[in-house]
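One structure below.
Protein chains: 2
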Amino acid sequence: MKNLCVVLVGTRNPLNVGAVARAMSNFGAMELRAVRPYEKAWREAKSAVGAGELLARAKEFADLAAAVADCSLVVGTTAVGNREMKHPLRGLEDGARLIGKRMATGRVAVLFGSEKWGLSNEDLSYCHWLMRIPTRVEHRSMNLGQAAAVVMYELGRGGSKGSKGSKGGKGDKGDKGEEGLVGSVRLKANASARRQEFAEMEAVERIGEALLEALRKSGYIAARGEATAEEKLRRMLRRFSMEAADAEVLLGMVRKILWKLERE
Amino acid sequence: MKNLCVVLVGTRNPLNVGAVARAMSNFGAMELRAVRPYEKAWREAKSAVGAGELLARAKEFADLAAAVADCSLVVGTTAVGNREMKHPLRGLEDGARLIGKRMATGRVAVLFGSEKWGLSNEDLSYCHWLMRIPTRVEHRSMNLGQAAAVVMYELGRGGSKGSKGSKGGKGDKGDKGEEGLVGSVRLKANASARRQEFAEMEAVERIGEALLEALRKSGYIAARGEATAEEKLRRMLRRFSMEAADAEVLLGMVRKILWKLERE
Chain A
1 MKNLCVVLVG
11 TRNPLNVGAV
21 ARAMSNFGAM
31 ELRAVRPYEK
41 AWREAKSAVG
51 AGELLARAKE
61 FADLAAAVAD
71 CSLVVGTTAV
81 GNREMKHPLR
91 GLEDGARLIG
101 KRMATGRVAV
111 LFGSEKWGLS
121 NEDLSYCHWL
131 MRIPTRVEHR
141 SMNLGQAAAV
151 VMYELGRGGS
161 KGSKGSKGGK
171 GDKGDKGEEG
181 LVGSVRLKAN
191 ASARRQEFAE
201 MEAVERIGEA
211 LLEALRKSGY
221 IAARGEATAE
231 EKLRRMLRRF
241 SMEAADAEVL
251 LGMVRKILWK
261 LERE
Chain B
1 MKNLCVVLVG
11 TRNPLNVGAV
21 ARAMSNFGAM
31 ELRAVRPYEK
41 AWREAKSAVG
51 AGELLARAKE
61 FADLAAAVAD
71 CSLVVGTTAV
81 GNREMKHPLR
91 GLEDGARLIG
101 KRMATGRVAV
111 LFGSEKWGLS
121 NEDLSYCHWL
131 MRIPTRVEHR
141 SMNLGQAAAV
151 VMYELGRGGS
161 KGSKGSKGGK
171 GDKGDKGEEG
181 LVGSVRLKAN
191 ASARRQEFAE
201 MEAVERIGEA
211 LLEALRKSGY
221 IAARGEATAE
231 EKLRRMLRRF
241 SMEAADAEVL
251 LGMVRKILWK
261 LERE
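Here it is, written out as structure tokens:
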């Protein structure tokens with residue numbers, strides 16, 4: 001679990017921050033990060049009696065991109081499912097299994113949104129896929145501290161063992177089966193058995209920025225639709241599940257194009 | 001999950017009562033019972049905004065025997081393990097699987113102790129076995145609401161599928177493998193395929209009382225050691241995992257002996 005980061009986005013209640021930290025510690029996840037936490041809540045939680053080392057070491061970030069910059073997989077948690085079906089949705093068991101595999105080679109971020117709103121669409125655009133705890137349709141929404149406890153438990157357990165593929169629900173569109181990708185196509189390409197390393201989000205984000213700039217410069221993006229285009233682009237790049245080496249090459253290509261565009 | 005009762009023993013904090021109720025509802029367990037709850041906490045929790053039907057219907061009991069009287073299996077939860085090794089201890093996955101099987105034929109109670117002390121030795125004497133959430137040795141003790149969420153999740157999931165036997169830790173003494181018992185010996189004896197029904201705790205408790213009285217009358221139990229003897233007896237009777245019909249016969253026997261003793 002040492003490659004796991006739990007990222008709280010916009011958490012409002014200090015008791016919830018404390019509860020998430022406690023569940024993490026119970027199951028051996030020790031790295032907590034917070035994006036735009038309510039200042040007061042964050043300070044209270046960090047100074048609470050018995051907050052312990054985990055909370056003392058917890059870091060605060062101004063934006064989500066910075067919080068997940070060193071991660072190679074970013075997974076959002078949701079109670080409701082894939083509202084707009086832009087992301088693959090996995091059940092907790094299958095999701096935990098994939099996360100477990102990824103943690104063997106790189107850092108993984110698991111995101112929890114605010115108590116009131118969950119993760120925003122912009123937050124979601126930083127995610128590779130979403131994971132849902134299988135609560136009842138009649139009462140889906142969980143308490144934040146309890147959701148974190150269930151997710152930490154399942155990650156500690158290692159997810160479903162021997163289960164085949166994703167059992168995601170209706171929202172399971174665009175799920176290309178990362179496992180298959182990793183297991184066949186990519187490993188064949190790397191038949192020399194070198195251990196693949198996925199690109200960290202910082203590298204992917206740089207590609208996105210350069211590409212966006214290039215698209216802007218080339219008139220592909222109208223000024224009006226820029227925010228939407230940025231989100232779409234971000235999601236697309238994450239769907240690629242790029243390896244680190246590929247990301248480097250791609251960034252070089254895009255930068256070259258951009259350089260050319262800027263000289264026109 | 002309709003055959004599941006969650007029993008809170010001596011809970012002190014209304015927020016925890018509410019959190020347990022919420023996790024139950026998330027995963028479809030709808031029957032909550034409380035034994036000796038802190039009056040104020042219980043009232044506050046029941047009247048909380050959004051407490052809902054589950055809490056409104058929750059019942060209060062003066063003692064644990066009454067709270068589990070209609071259950072055929074009583075399972076205690078513990079963070080620490082089997083302190084004095086008097087009970088079989090199961091991991092959550094295996095425990096949840098066994099509970100799932102039992103819920104098909106009868107009511108099962110899952111007990112959570114008070115925030116501060118957990119379940120007392122007397123409480124434990126009403127349990128058939130104990131179940132432990134696999135938290136880290138360095139930080140075993142969980143928040144009550146979070147522990148309930150993890151247990152409800154695992155019960156909803158149906159426990160470990162296809163796992164073999166108990167993987168309990170050091171405290172796994174006296175674990176006779178209930179599954180084996182049920183699967184082979186008992187089903188063979190009932191080869192005519194009638195569905196076995198386990199005795200409800202009320203029936204077992206009556207046997208215990210009659211037997212205790214008989215032992216007292218017969219001079220087996222010294223006045224000094226009575227409390228200990230009662231606990232030992234209770235544990236023993238629960239280890240038998242009696243069927244309902246057997247319990248009836250046994251009660252008849254013990255009562256007959258007692259009647260004889262009283263006439264001497």
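Protein sequence lines, in the order shown, are assigned to chains A and B.
Numbering follows our numbering, with no gaps: position 178 of the first sequence is 178.
Numbering follows our numbering, with no gaps: position 121 of the second sequence is 121.
We treat Cβ as the ideally placed atom computed from N, Cα and C, and that holds for glycine.
Cβ separation of residue i and residue j, assumed to be a contact under 8 Å, to the nearest whole Å
i: Ala79(A); j: Thr135(A); result: 6 Å
i: Ile221(B); j: Ala229(B); result: 5 Å
i: Ala96(A); j: Leu15(A); result: With 8 Å as the limit, Ala96(A) and Leu15(A) do not qualify as a contact, their Cβ atoms being about 26 Å apart.
i: Val20(B); j: Asp63(B); result: The Cβ separation is near 20 Å, so there is no contact.
i: Met152(A); j: Met24(A); result: 6 Å
i: Arg22(A); j: Ala58(A); result: About 13 Å separates the two Cβ atoms, so there is no contact after all.
i: Val68(A); j: Tyr126(A); result: 6 Å
i: Gly145(B); j: Gly118(A); result: That belief does not hold up - the Cβ atoms of Gly145(B) and Gly118(A) are roughly 20 Å apart, past 8 Å.
i: Met201(B); j: Cys71(B); result: 5 Å
i: Thr77(A); j: Val108(A); result: Not a contact, Cβ separation roughly 13 Å.
i: Gly91(B); j: Arg132(B); result: 6 Å
Beta-bridge pairing of residue i - partner residues as DSSP gives them
i: Glu125(B); result: Reading off the sequence, residue 125(B) comes out as Ser, not Glu. In the DSSP output, where bridge partners are listed per residue, Ser125(B) has none listed.
i: Met131(A); result: Thr77(A), Arg90(A)
i: Arg33(A); result: Val7(A), Lys59(A)
C-alpha gap between residue i and residue j, whole angstroms
i: Glu205(B); j: Ala65(B); result: 8 Å
i: Gly208(B); j: Leu250(B); result: 10 Å
i: Gly165(A); j: Leu89(A); result: The predicted position of Gly165(A) is uncertain, since its pLDDT is 39 and thus under 50; a value taken from the coordinates is nonetheless stated next. Going from the Cα of Gly165(A) to the Cα of Leu89(A) covers about 12 Å.
i: Phe112(A); j: Glu115(B); result: 26 Å
i: Asn3(B); j: Ala148(A); result: 27 Å
i: Lys260(B); j: Trp42(B); result: 46 Å
i: Ala244(A); j: Glu53(A); result: 32 Å
i: Ser120(A); j: Val9(A); result: 9 Å
i: Val254(A); j: Glu248(A); result: 10 Å
i: Arg216(A); j: Ala203(A); result: 20 Å
i: Asn26(A); j: Ile257(B); result: 51 Å
i: Leu237(B); j: Glu213(B); result: 15 Å
i: Asp123(A); j: Arg234(B); result: 55 Å
i: Glu262(B); j: Leu211(B); result: 13 Å
i: Gly219(B); j: Ala45(A); result: 60 Å
i: Leu98(B); j: Gly159(A); result: 20 Å
i: Thr105(A); j: Glu197(A); result: 6 Å
i: Gly28(A); j: Asn13(B); result: 26 Å
i: Lys86(B); j: Glu60(B); result: 28 Å
i: Thr11(A); j: Ala56(B); result: 30 Å
i: Lys232(B); j: Gly225(B); result: 11 Å
i: Val130(A); j: Pro37(B); result: For the record, residue 130(A) in the displayed sequence is Leu; it is not Val. Going from the Cα of Leu130(A) to the Cα of Pro37(B) covers about 39 Å.
i: Arg157(A); j: Val7(A); result: 20 Å
i: Asp94(A); j: Gly252(B); result: 52 Å
Terminal residues of the alpha helix (DSSP H) in which residue i lies
i: Val151(B); result: 144 to 157
i: Thr78(B); result: Where Thr78(B) is concerned, there is no enclosing alpha helix (DSSP H), although the beta strand (DSSP E) it sits in stretches over 73 to 78.
i: Arg239(B); result: 226 to 239
i: Glu202(A); result: 201 to 217
i: Phe27(A); result: 14 to 27
i: Lys116(B); result: Careful: Lys116(B) lies outside any alpha helix (DSSP H) and carries neither H nor E.
i: Met253(B); result: 244 to 263
i: Ser47(A); result: 39 to 47
i: Ala65(B); result: 64 to 67
Residue interval of the beta strand (DSSP E) (run including residue i)
i: Lys59(B); result: 59 to 61
i: Leu4(A); result: 4 to 9
i: Ala109(B); result: 108 to 112
Within chain C, the residues that residue i reaches when beta carbons sit closer than 7 Å
i: Asn26(B); result: Looking at the structure shown, chain C is missing, and the protein chains on hand are A and B.
Check whether residue i and residue j have beta carbons under 7 Å apart
i: Glu31(A); j: Cys5(A); result: yes
i: Val17(B); j: Val150(A); result: no
i: Leu73(A); j: His128(A); result: yes
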